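The structure appears right after this line, and notes come after that.
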Amino acid sequence: MCGIVAYVGSREAYPLIVKGLKRLEYRGYDSSGIALLENEKLDIYKKKGKVSDLESELASKHLTATIGIGHTRWATHGEPNDVNAHPHYSNNRRLSIIHNGIIENYASIKQNLVTKGHKFLSDTDTEVLIHFIEDIQQETGGSLESAVKLALKEVVGAYAIVVMSLDHPGQLIAARKGSPLVIGIGEDEFFFASDATPIIEYTKDVVYLDDYEVAVISEGRLSIQNLDNTETIPYIQKLEMELETIEKGGYDHFMIKEIFEQPRSIADSMRGRLRADDAHLQLGGLSNYLDKLAESERIVIVGCGTSWHAGLVAEYLFEELARVNVEVEYASEFRYRNPVINEKDVVIAISQSGETADTLAAIELAKSKGATIFGVCNVVGSSIARATHAGAYTHAGPEIGVASTKAFTAQVTVLTLIAIATAKRKGTISEETYRQLLIELETIPAKVEKVFENADKIKEIAFIFTYARNFIYLGRGLNFPVALEGALKLKEISYIHAEGYPAAEMKHGPIALIDEDMPVVFLATKDGSYEKIVSNIQEVKARKGRVIAIVTEGDTLIPGMVDFVIEVPRVHELLTPLVSVIPLQLLSYYIAVMRGRNVDQPRNLAKSVTVE
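Read in order, the letters of the sequence shown are residues -8 to 603 in the numbering used here.
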């Protein structure tokens, strides 16, 4: 959840690390800090709040170190304040550490260290870890590297760490288990970060650390070993990311930029996989496993948040097209429920970052029971991509806004392709339906572009409901997951309470909430449930609810019944979520902006949930 940046080389470390922390601030923004080693001093500077607050605090200081570590925090152990911010010193203040993850057995380790005279300043598990490393080094008389390895063998939990030592200028030691860490390799310089965004400006050569690996930079050389001292040859990959993709590009916020990028990100998710003119559909990452999908008697989809909603859309698609039983599970619940999984099951894990801790744990559980695991994620080289048997990248490009937008439509696009390919292999759809869906999919980017023509109208509606205290989102069939996603977006960035429900369930409870102050958003596009949705709208209007309806272009019935209408282009019913979700993203964005919210960094949230 937190953001890690470290550097060693010939450049000034401070400005490079600060810029990197700003690029990683979507991972956590409760507090930040930097440790620099220069003139035989190891100094730590940290501050509650955003990275800009730290930068202001240090504006008058002349910092010229060429080695340093930095951190932007999403609080787990200890409230957000200056003291709990990272980096942390060891007991003798000769070591410093930054850490992403949770050390679950920190309390027992701390208790033992206190009996040895260690003094702790913070409430964090991270400070305990660096004290523990120091204690082991003093007890064994060994190297810092060996002390780090011995400490990590004893701790329980997840971590990505970078350690710096006053006694070893020019040396950085890093390790990971369950939390991402990437190393950038430049000309006589090295970079560490939680993801590639702070690195791309300086080099495209990177190494992704695997679990239980320890990387050491010393005397200008990188070496990687596991915790048992077995050396591995670093596998250097080339980043495909471009610098402009992580800049705002003239937009006020990353979120609105990413909403408007969706025609391109959806097209990129299909590029090289789909050609409607010759009925070509090929998913290279799944080609060797398509028979497994087609022969499966059950598909279990796991994800969290927006990815779970994409999984719910996929449930409808796989059941309708491939005629296979599908279950969609919260990854965070799946792993604790002792689920019934066997060798014939296929598990599809969905994650934007590819690092979601609960989803990774669900994968490991399913693998232990013999299931075949497919991944759908956005980040190349991520942990989920490496932990699964096969999968497909969404190719949505970096998503910096904490509230996911283009990741959702990219996930739905890729899951749609997988469902169609599975159905074709099984023979559960006709050649005519197969070709029709491919043709319709190719039109989706242009139809999403057309939705943006309503942006000003959506902004006007948002102004009217800026100070609403509650919202209800209702949909049927494939639009039910869209209703859930619309409610989630509003909650995340505007802090307005919102709930999504199947429209038919409204009269089983939520209808009691309807009055003249309750905005109700209906997903009311033309599909097999249209007449039922019309009846649900009438039930709300009879109780004076204020209705915003997302309707198919050219609808003449619903506009005469509701208070506000937003049109979307007509699409194949199975592809409806790809266009109906766009107005809900825009509505949430504009309401949040009008309420003065920080839409890119909403309170208490972080982009990549790498802790359980």
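We put the beta carbon where it would ideally sit given N, CA and C, even for glycine. Computed from a predicted model, the values in this text were never measured in an experiment.
Reduced DSSP category for T55 - H, G, I as helix; E, B as strand; rest coil | coil
For A76, which of helix, strand or coil comes out of DSSP?
-> coil
Using a Cβ-Cβ cut-off of 8 Å (strictly less than) and excluding sequence neighbours within five positions of E431, which residues of its own chain qualify?
-> V562, H563, L566
Count the other C-beta atoms from every protein chain shown that fall within 10 angstroms of the C-beta of A348, then say buried if there are 16 or more, exposed otherwise.
-> buried
If A387 sits next to D202, beta carbons under 8 Å apart, how far is it from one beta carbon to the other, in whole angstroms?
-> With 8 Å as the limit, A387 and D202 do not qualify as a contact, their Cβ atoms being about 25 Å apart.
Considering G477, what are the terminal residues of the beta strand (DSSP E) in which it resides?
-> Not the beta strand (DSSP E): G477 falls in the alpha helix (DSSP H), residues 470 to 485.
Round the Cβ separation of V572 and F399 to the nearest angstrom and send it over; I've been treating them as touching at under 8 Å.
-> 7 Å
Please report the residue range of the alpha helix (DSSP H) in which H122 lies.
-> 116 to 131
Pick from L475, S137, E476: whose alpha carbon is nearest that of E204?
-> S137
Y226 - DSSP class collapsed to helix/strand/coil = coil
Can you tell me which of the three DSSP states E544 falls into?
-> coil
Minimum length 4: unbroken alpha helix (DSSP H) runs contained in the segment 292 to 330 = 297 to 308, 322 to 325
Under the three-state reduction of DSSP, which class applies to M552: helix, strand or coil?
-> coil
Assign I100 to buried or exposed, taking buried as 16 or more other Cβ atoms, counted over all protein chains shown, within 10 Å of its Cβ.
-> buried
Same chain, Cβ closer than 6 Å to Y280, neighbours up to 5 away in sequence not counted = A381
Which runs of the alpha helix (DSSP H), 4 residues or longer, sit entirely within the segment 182 to 253?
-> 245 to 251
In chain order, what residues of the same chain lie with their CB nearer than 7 Å to the CB of D336, ignoring the 5 residues before and after it?
-> S287, R289, V291, A362
Measuring CB to CB, does T395 end up less than 8 Å from S373?
-> In the sequence as presented, Thr is not what sits at residue 395; that position holds Ser. Contact flag unset, no.
Across which residues does DSSP place N91 in a beta bridge pair?
-> A151
Do the CB positions of M552 and Q529 come within less than 8 Å of each other?
-> yes
Thinking C-beta only, is G392 closer than 8 Å to V590?
-> yes
Would you mind reading off the limits of the beta strand (DSSP E) that contains A165?
-> 163 to 168
Look at the alpha carbon of P574 and the alpha carbon of Y242, and state the distance between them as a whole number of angstroms.
-> 18 Å
Determine the closest residue to H53 out of N75, H62, G61, E29, with distance taken between C-alpha atoms.
-> E29
Coil, strand or helix - P160 by DSSP | coil
Nearest chain B C-beta to S359 closer than 8 Å, yes or no?
-> Within the model displayed, chain B is absent; a lone protein chain is all it includes.
Whole angstroms is fine: what's the gap from K498's alpha carbon to L465's?
-> 12 Å
Got a sec? Which residues, its chain only, sit under 7 Å from S156 by beta carbon, not counting five neighbours each side?
-> R85, L86, L135, Q162
For the segment 9 to 22 and the segment 62 to 80, state whether three or more C-beta atom pairs, one from each stretch, are separated by less than 8 Å.
-> yes
Report yes if the CB atom of H90 is closer than 8 Å to the CB atom of I152, and no otherwise.
-> yes
Cutoff 7 Å; reference Y321; Cβ partners in own chain excluding five residues on either side = C295, W299
Go ahead and label T407 buried or exposed: buried means 16 or more other beta carbons lie within 10 angstroms of its beta carbon, across all protein chains shown.
-> buried
When you compare only the Cα positions, how much space is there between V119 and V154?
-> 13 Å
Measure the C-alpha to C-alpha separation of A313 and A267 and round it to an integer number of angstroms.
-> 20 Å
Looking at C-alpha atoms only, which residue of A353, I582, F181, V9 is the closest neighbour of S324?
-> Note that residue 324 corresponds to Glu in the displayed sequence, not to Ser. When each option's Cα is compared against that of E324, the closest is A353.
Who are the Cβ neighbours of L274 in its own chain at under 7 Å, not counting the five residues just before and after it?
-> R264, A383, L408, I409, A412
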